[in-house]
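In order, the protein sequence lines correspond to chains A and B. For the first sequence, position 452 matches number 452 in this note's numbering, and the numbering has no gaps at all. For the second sequence, position 89 matches number 613 in this note's numbering, and the numbering has no gaps at all.
Protein chains: 2
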Amino acid sequence: MSQALQQNQHLNMVRHPQMLARAEEIAPELYHRDIFPQAIVSAQKDEQKIHGWRPERVNTAAGFLQQEFAQGEHVIIDFGEHCVGYLEFACESVGSPPDAPAHLQFIFGETLAEVVEPFSDYSGWLSSSWLQQQDCYLDELPHRMRLPRRYCCRYLRINIVALSRKFRLRFTSLKLDTVTSASLVALPQCQTMDHPLKRIDEVAIHTLKNCMQEVFEDGPKRDRRLWLGDLRLQALVNDVTVKNYPLVKRCLYLFAAMTREDGMLSANIFVKPQVIADDTFLFDYALFFVDVLQDYAAATHDRQTLAELWPVAWQQIEIALARVGENGIVRDSSDWWSFIDWHEDLNKQAASQGVLIYCLNKALMLARLYDTGKVAFLEEQISSLKTASLRELWDAQSGFFTSGESRQISCASQVWLVLADVGTVESQQQLLVRLKSHPPEIQMNTPYMMHHYVAALLHVNEIEQATEEIKGYWGAMVEHGADTFWELFDPQRPDFSPYGSKLINSYCHAWSCTPSWFIRKYLL
Amino acid sequence: MSQALQQNQHLNMVRHPQMLARAEEIAPELYHRDIFPQAIVSAQKDEQKIHGWRPERVNTAAGFLQQEFAQGEHVIIDFGEHCVGYLEFACESVGSPPDAPAHLQFIFGETLAEVVEPFSDYSGWLSSSWLQQQDCYLDELPHRMRLPRRYCCRYLRINIVALSRKFRLRFTSLKLDTVTSASLVALPQCQTMDHPLKRIDEVAIHTLKNCMQEVFEDGPKRDRRLWLGDLRLQALVNDVTVKNYPLVKRCLYLFAAMTREDGMLSANIFVKPQVIADDTFLFDYALFFVDVLQDYAAATHDRQTLAELWPVAWQQIEIALARVGENGIVRDSSDWWSFIDWHEDLNKQAASQGVLIYCLNKALMLARLYDTGKVAFLEEQISSLKTASLRELWDAQSGFFTSGESRQISCASQVWLVLADVGTVESQQQLLVRLKSHPPEIQMNTPYMMHHYVAALLHVNEIEQATEEIKGYWGAMVEHGADTFWELFDPQRPDFSPYGSKLINSYCHAWSCTPSWFIRKYLL
């Protein structure tokens, strides 16, 4: 995900050096692969295309290395796939000795739009510093250079901003040194016989791979941080694909390394130049620590990690339960934060109630195996929260759960209370059918929320419809040419951005990689 | 100087590795000095000021390190003097953990105008790549950084282009690591008792010092190259100030290291990434090799260098003499290049005739001491060129020398034929008096040409007027606030630039540092 804007800079955070040491013991190896230009393209305006632009091949990669550029010219390189890495290039002057520096501007785009629509027009509310560009002034030619920042792109535009009239410029080499902590060497084969699902699986794995760096990043273009909500979904896909369990373990320890005074986990972690927990706290994300830990323990049987992190997980449960009101429902207020979905109007009370019950269920699974003393307490809590949900949130007239004082009806509320297993399987099935036939006004905005909808369908065994939703939603991105899945995709509003500009959206985003988990786990 | 735009890229150039080896044996030591901000200023529009802007102190340097900058803010740092060096800074975030890169833009200005008037408006014909700027994207904070390029500035503007709304930026340190190959430790005291001249001498030495790097550069901001015409004047001032003779020797060998097939020296040399002679050739500049060598030999008595370089010098004389026509005058044509002055309308024939005779006189001085076999030939050439000058170029009616087919009358022609010692001392004196009382249309445009005018006055012993000219011209720059002398200065047209923009003019330029030579050599 990306952050909701909280500012809590006066909080006291507590460091836990032993947790940090554990995380740093297992810093991952990064695998490198050189990716070379595949073609030179021009961008054609095309309203039929999702971002308004169509690439047209105008030169080969070999031809590019023959080209002599004069001041004011530009080139758009297509690397043929979404890449995360470091740009290396060499160039030389042609003509008279270069009597002025060469001023080059590099613009990196996950989409063609990013290298065509001027950043100067950007007016989103996320920092424009995320827009990927670099101006270089080469005092000496020939010149060989590796740009110090890591970039994320399929397209690279190079503007030859200024040379002099006495010389031209030629590139003698250019490549991306791409990096990932995911090794595809032992990737289990995908068993599906369905061709579109096979392609969706490939794109999902490419998405996961490009987000797997020194931590599970949310998006390699922007924020490039470890968010608990993204980690949770990435760990699921990791489990059925590249199986880098040490990276999951590392990320769990990173979250545990710095907590709020009361023990609450931050929603995300900065890793460089040192590990710092952000001052953003989210009700749902903190609880998901329990979920990730349960999944990790189930896959690895790593008793030591569980022993060390279970108390941290338990603390999240206690903090969350303290928010439950006398009526058995998570208290709503204007000053709390739960993520659930990128939706300005969404009331998050009911969905948060669902997340709490869902995570208590996961805690119960752990408790039964490793901490039986807590089983009875958890069973009792789950039961009373479920009962309260039905009593307080269910609206018999509409046949939906409501949320907040205004009794808002949203997709998210229904989905999460199904995932919480509130009501009977039959009632849950009926609820999801009604959700489809009578869609509430407050819809789903992100692949993240879509994941939970599909998960809810699978929870009630609606395998066929789940498959259809995957093909309809993620399949549409593939049809639009995606080779990694996007942070945001609303088929009805292709330019939708919660940040005010599609240019700043992330087009390779962790929370969108979950089709592989569905396809492989449920053998779709 | 800066180049006239020649393109001769298909020439064959000949490398002389032994000459190059000699040059590289004596690569100079660079002296480093840290220069810290002196004040924070704002720029006030002020039409009374030469470049239209007046600095107003708004904060102390200490106060700057306390300041917290938000996105969109900027700061202008005044280093208190003209500097050449590398920017080092450290900064940190204030507020929440930095959740986006910090995008900073650094703009360096020798003048306040450069950091205030937007580069985007620049429309000069020299490459905009010389405009000193750098965008930095800091992914991690705190951050410590040294910008890789060398800059030239008195003022540094930092634009805080983008942060995020969650944090602000504070600089924790900032300095320039300045460099020069001039050591001022043993600088001889300036004997003048005249206060304005003393200040002019200081500014001239500061100019020389900041142009002295791995070679004598023409200007440390732009072109940063070794030009023969600039070297000649720098070597003069070096001789009476910092006395770095190995650097003069190195530069002579650099010119000798790569010549045109016929032996002609290039007007300038690129030093990095390897030594390359430019494909610009200038009649006057090539001849000046003789002059620099004579001055160097006279100061150092370095017989070995003279023995190795005299043949190179002699070749320049032979090439130049080949251009003398049957009438005893350097042939004019539309396809030759002599620099003389930055003046579009100046006909350069007569001045070039003067340069030739002047350099033959210097060659004669060398020949008398070290190559007596050539004395008679030189005396004969000088005599016939002088006679021809009087016969062909003198216009009795106007009392001026003329130049070219149109018989143009310019300052440059008179000055150079005086420096060539054509005519009697009395006639030369009268000519210079007439030049003052009846100024021709074609005036002088640069401090470079002004140098030769002052030198001509001193040649005819007009010490008082020479002093007045120095005070009037260079003194006016000092009054305008210059602490290094400018490439271009026309008191009547303060924004004059032969390049189409004052922003690209060099404000610390080698050829303007000669007042120190006059003041110290002639004991003004």
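Even glycine gets a Cβ: it sits at the ideal position worked out from N, Cα and C.
In this structure the stretch 1030–1045 of chain B does not lie against the stretch 659–667 of chain B, because fewer than three pairs of beta carbons, one per stretch, are closer than 8 Å. Contacts with chain A (Cβ-Cβ distance below 9 Å) from the stretch 684–697 of chain B involve V685, A686, L687, S688, R689, K690 and F691, listed in chain order. If you draw a straight line from the Cα of D1007 of chain B to the Cα of R674 of chain B, it is about 19 Å long. At least 8 Å separates the CB of P118 of chain A from every CB of chain B. Relative to D856 of chain B, the option among B:H867, B:W866 and B:A844 whose CA is nearest is B:A844. In the three-state reduction of the DSSP assignment, H480 of chain A falls in the coil class, being assigned neither a helical nor a strand state. The Cβ of H719 of chain B sits no closer than 8 Å to any Cβ of chain A. For A23 of chain A, the nearest beta carbon of chain B is not closer than 8 Å to its own beta carbon.
E785 of chain B is outside the set of residues whose beta carbon lies under 8 Å from a beta carbon in chain A. With 16 or more other Cβ atoms from the protein chains shown falling within 10 Å of its own Cβ, N871 of chain B counts as buried. In the three-state reduction of the DSSP assignment, K374 of chain A falls in the helix class. Inter-segment contact for the stretch 224–236 of chain A and the stretch 288–302 of chain A is present: three or more beta-carbon pairs are separated by less than 8 Å. In this structure F691 of chain B touches S617 of chain B by the C-beta definition: roughly 4 Å separates them, less than 8 Å. Here the C-alpha atom of H451 of chain A lies approximately 17 Å from the C-alpha atom of Q428 of chain A.
In the DSSP assignment, L817 of chain B falls within the unbroken alpha helix (DSSP H) covering F807 to T824.
Of the candidates B:G609, B:V582, B:H575 and B:G619, B:G619 places its Cα closest to the Cα of E592 of chain B.
Boundaries of the beta strand (DSSP E) around M782 of chain B: M782 to R784.
Interface residue (Cβ-Cβ distance to chain A less than 8 Å): P621 of chain B is classified as such. If only uninterrupted alpha helix (DSSP H) runs of at least 4 residues are considered, those enclosed by the stretch 135–219 of chain A are 195–211.
As DSSP reads the structure, M444 of chain A sits in no beta bridge.
T467 of chain A sits in a helix when the DSSP states are folded into three classes. Note: F632 of chain B is bridge-paired with B:L680 in the DSSP secondary-structure output. Residue pairing for V330 of chain A: DSSP places it in a beta bridge opposite A:V324. Its Cα nearest to that of D201 of chain A, the residue A:P188 stands out among A:P188, A:H103 and A:A412. Contiguous alpha helix (DSSP H) elements confined to the stretch 909–948 of chain B occur at 935–943, taking only those with 4 or more residues. Taking 8 Å as the threshold, the shortest C-beta distance from S123 of chain A to chain B does not fall below it. DSSP places K521 of chain A in the uninterrupted alpha helix (DSSP H) bounded by P515 to K521. One alpha carbon belongs to Y997 of chain B, the other to A728 of chain B, and they sit about 13 Å apart. The C-alpha of L176 of chain A lies about 10 Å from the C-alpha of L147 of chain A. In the DSSP annotation of this structure, the continuous segment of the alpha helix (DSSP H) that includes V237 of chain A starts and ends at L228 to V240. With contact defined as three or more Cβ pairs closer than 8 Å, the stretch 24–40 of chain A and the stretch 246–263 of chain A are in contact.
Remark: C-beta atoms of A801 of chain B and W751 of chain B do not approach each other more closely than 8 Å. Under DSSP, D623 of chain B shares a beta bridge with no residue. The beta carbon of E379 of chain A sits closer than 7 Å to the beta carbons of L364 from its chain, once the five residues preceding and following it are set aside; these are given in chain order. Taking a contact to require three or more Cβ pairs closer than 8 Å, the stretch 863–881 of chain B and the stretch 932–944 of chain B qualify as touching. Judged by DSSP secondary structure, E580 of chain B falls within the beta strand (DSSP E) whose first and last residues are W577 to T584.
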